[in-house]
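Participant: Take 830 as the starting number for the sequence shown in our numbering and just add one per residue. All residues carry an ideal CB built from backbone N, CA and C; glycine is no exception. Once you've had a glance at the structure underneath, I'll fire off some questions.
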Amino acid sequence: INKDNYELFMNDFKNAYGLDGDQLSFLSYDLIGLVYFLIYENDFKISKKIFYKKNKFKGKIGVFEISKNTITHQLNFYSIEDKKFKKIF
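This is the structure:
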């Protein structure tokens, strides 16, 4: 998960709803965007092929790759150095 985007989302979520967000709300936000992106790329026609064609979607949680009915999520890894998060890759 992109730490900066996660913190920004959690702050925005709290301001909008008065509640603390969680991992599920963060992931759901991107999944709605992902489905919209795929339908948009298919001229707003819903079909099984939208998940088959190779594509990439960059959301708040990270990058999703779609190919052959499989969605993979590229992860960011962090280490803690001097009491701070440092992105490894």
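Decide yes or no for the touch test of the region 846–859 against the region 874–891: beta carbon pairs closer than 8 angstroms, at least 3 of them.
Facilitator: Touching, yes.
Participant: Quick one: residues in its chain with C-beta nearer than 8 angstroms to the C-beta of LEU867, no 5 flanking neighbours on either side, listed in chain order?
Facilitator: ILE879, PHE880, ASN884, PHE886, ILE895
Participant: Any idea what DSSP makes of SER876, helix, strand or coil?
Facilitator: coil
Participant: Does the Cβ-Cβ distance between LEU853 and PHE893 come in under 8 angstroms?
Facilitator: no
Participant: Near ASN871, which residues of its chain fall below 6 angstroms by C-beta distance, leaving aside the five closest residues on each side in sequence?
Facilitator: ILE879
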